[in-house]
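Written below as C-alpha cells is the structure these notes are about.
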Amino acid sequence: MTEPIKKSTLSGGSLPRQNVGRIAFCLMSTFLFALLLRNAEFAIGHMSDGLRLCVRTVIPSLFPFMVLSELLVATGAAELIGKMIPHPIRRLFGIGRDGCCAVLLGLLCGSPIGAKSAVSLYRAGRIDRAELTHLLTFSNTPSSAFLISAVGVSLFGDRTFGTRLYLITLLSALLTGILGARLRGKASPSEMLPKPSQNKTKHATEKETSVIRLFTGAITSSALSILYVCAFVVFFSAFVGTIESMLQAFSLPPSVTALCYGLFELTGGVARAASCTPPAAEYLCAFLAGWSGLSVHCQIMSLCADSGVSFRPYLLAKLAQGLLNIPLLFLANAILP
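Each position in the sequence shown, counted from 1, maps to that position plus 297 in my numbering.
In C-alpha cells form, the structure reads like this:
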C-alpha cells in the first residue's frame, strides 16, 4: 500500500516556508564562502581590525555594564528601580516594574545591555516571554558615547549633531515601545513562565545569599556573553570587508556603498556615510543609528538563544526606528537649525 502523497507536493511543487528559508540561507552561505576564499587577504586584514576593535572598544565599554546588569537582577535592585518609575509610564510602555530596569540600562548604556538585562530577568522568572519580546524591540539603541563622541565629534566634527542624533534615536525607540504596547496582546499561557513554588523560592534565596557567589556568577555569565558579542564583531568585520571589495568593482555611489555596509555593521556604515555629501550623510547616519546593523542583531539573538522568543517583532521595530529617525532629524533641524 502506497503512502499518501503529502499535500505540499500537490500544490505545484511548493515548499514549506521553513525549507525555502533554509535553501536561501544555504545558497547565501555558499556564495559567502566562495567570496571569502577569493578575497582571503581582505578577510584576514578586516578580521584583525575586528579583534583590535574588541580589545580597545567593545570589551572595555560593554563588559563592566554587563556585570552590573547581572548584579542588579540577582540582588533584586531591578525591582527597586522599577518602583521609582510611575505606574502611568509603565502602563504607557506596557512593562512591569522589573522591565523598567532593562529599558533604562539599554537606553543609557547602549546595546546589547538592554537585551542582556531583559534575558536575565526572564531567566530569573521576573518577566514572561511576551514581555521579553516586547522589551527587545525598544530597549537596545546605540550608546550616547558612540553617537555623540564617535559619530558626532570624530566623524562629523559636530557634537551638536551627535547629541541630536542620540536624542532622536532614543525618541524613536520610545515611540516604538509605546506603539508596540498598544499592538501587543495578552500573552498566551504557553508563553508564561511557571511561578516557582514557595519552597523553591526559599531554597534559592538561601542559596544566593552569598555575595561572592552572586559576584562570581555575574562575572562568568557576562564573560560568556561578551565572548559571543566579540565573535560576531570579528566575523562581520571580515564579512563586510569582503563585501566592500566586491562593491568596489561596481563603482557604486558612496551613499549606496555606505548603506550596504551599514545594513550589516553599524560602525563601518556610519564611517562611510560621514564621507558622503550633506545632507545625505546626516540622514543616512540617522537611519543606520536606528537600524543598528545585522551584527548587533545577531549579538542580541545569541544572548536570547534559549529563550524561545520570536525575533520578527524586534527586526521590524529596528527597521521602523531607522525609518522614523529620518523625519525626526528633519524636524529637529527645522526647529533647531
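All C-beta atoms in this analysis are idealised placements derived from N, C-alpha and C, irrespective of residue type, glycine included.
Residues near GLY373 in its chain [Cβ-Cβ closer than 7 angstroms; skip 5 each side]
none
Exposed or buried, what is GLN618 when buried is set at 16 or more other beta-carbons lying within 10 Å of its beta-carbon?
buried
What residue range is occupied by the uninterrupted alpha helix (DSSP H) comprising PRO610?
Boundaries of the alpha helix (DSSP H) around PRO610: 609 to 632.
Quick check: the Cα distance between THR306 and LEU626, rounded to an integer number of angstroms?
Per-residue confidence for THR306 stands at a pLDDT of 44, beneath the threshold of 50, marking its modelled position as unreliable; the derived number appears in the next sentence. Approximately 50 angstroms between the Cα atoms of the pair.
Could you tell me the distance, in whole angstroms, from the CA atom of GLU505 to the CA atom of ILE382?
Here GLU505 scores only 45 on pLDDT, less than 50, and its place in the model should not be relied on; the value that follows carries that caveat. Taking the straight line from one Cα to the other gives about 27 angstroms.
For LEU472 and LEU521, the rounded distance between their alpha carbons:
The straight-line gap from Cα to Cα measures roughly 32 angstroms.
Do you know offhand how far ILE410's Cα is from CYS323's?
Going by the C-alpha atoms only, they are around 31 angstroms apart.
Given LEU332, which residues of its chain have a CB within under 7 angstroms of its CB, disregarding the five upstream and five downstream residues?
THR539, MET543
Rank GLU338, LEU462, GLU367, LEU468 by C-alpha distance to the C-alpha of ARG510 and give the top, closest one.
GLU367
Backbone CA spacing between TRP588 and LEU612 [nearest angstrom]:
Per the coordinates, the alpha-carbon of TRP588 lies some 9 angstroms from the alpha-carbon of LEU612.
On the premise that ALA470 lies in contact with PHE435, defined as a C-beta separation below 8 angstroms, what is that separation, rounded to the nearest angstrom?
5 angstroms
Suppose only complete runs of 4+ residues qualify. What are the alpha helix (DSSP H) ranges in the segment 530 to 618, listed by chain order?
Within the segment 530 to 618, the complete alpha helix (DSSP H) segments of 4 residues or longer fall at 551 to 561, 563 to 570, 577 to 588, 591 to 600, listed in chain order.
I need the DSSP call for ALA340, collapsed to helix, strand or coil.
helix
Grab me the residues of ALA577's own chain with a C-beta within less than 6 angstroms of its C-beta, minus the 5 sequence neighbours each way, in chain order.
SER552
Using the beta-carbon count (16 or more within 10 Å), is VAL317 buried or exposed?
exposed
Straight-line Cα distance separating ALA478 from ASP603:
If I take the Cα positions, the gap works out to 24 angstroms.
For ALA415 and LEU433, the rounded distance between their alpha carbons:
Going by the C-alpha atoms only, they are around 8 angstroms apart.
For ASP641, which three-state DSSP category applies?
Since the first residue of the chain shown is 298 and the last is 634, residue 641 is not available in this structure.
PHE608 versus LEU633, ALA412, GLY449, residue with shortest Cα-Cα distance:
ALA412
Could you name the residues of the same chain whose beta carbon sits closer than 8 angstroms to that of THR430, not counting the 5 residues immediately before and after it, in chain order?
VAL606, SER607, PRO610, TYR611
In three-state DSSP terms, what is THR438?
Note: THR438 maps to coil in three-state DSSP.
DSSP state of ARG421, grouped into three classes?
A quick correction: the sequence has Ala, not Arg, at residue 421. In the structure shown, ALA421 sits in coil (DSSP, three-state: anything other than H, G, I, E or B).
Nearest-angstrom Cα separation, counted from PHE529 out to LEU350
Answer to the nearest angstrom: the Cα atoms are 12 angstroms apart.
Among ALA447, PHE453, ILE378, ALA337, nearest to SER572 - alpha-carbon criterion
PHE453
What does the Cβ neighbour count give for ALA535, buried or exposed, with the cut at 16 atoms within 10 Å?
buried
What did DSSP end up calling SER414 once you bin it into helix, strand or coil?
helix
Short check: CB of TYR558 to CB of VAL537, under 7 angstroms?
Yes.
Do LEU591 and GLY566 come within 7 angstroms of each other at the CB atom, strictly closer than that value?
no
Whole angstroms are fine: how far does the CA of THR574 sit from the CA of LEU402?
35 angstroms
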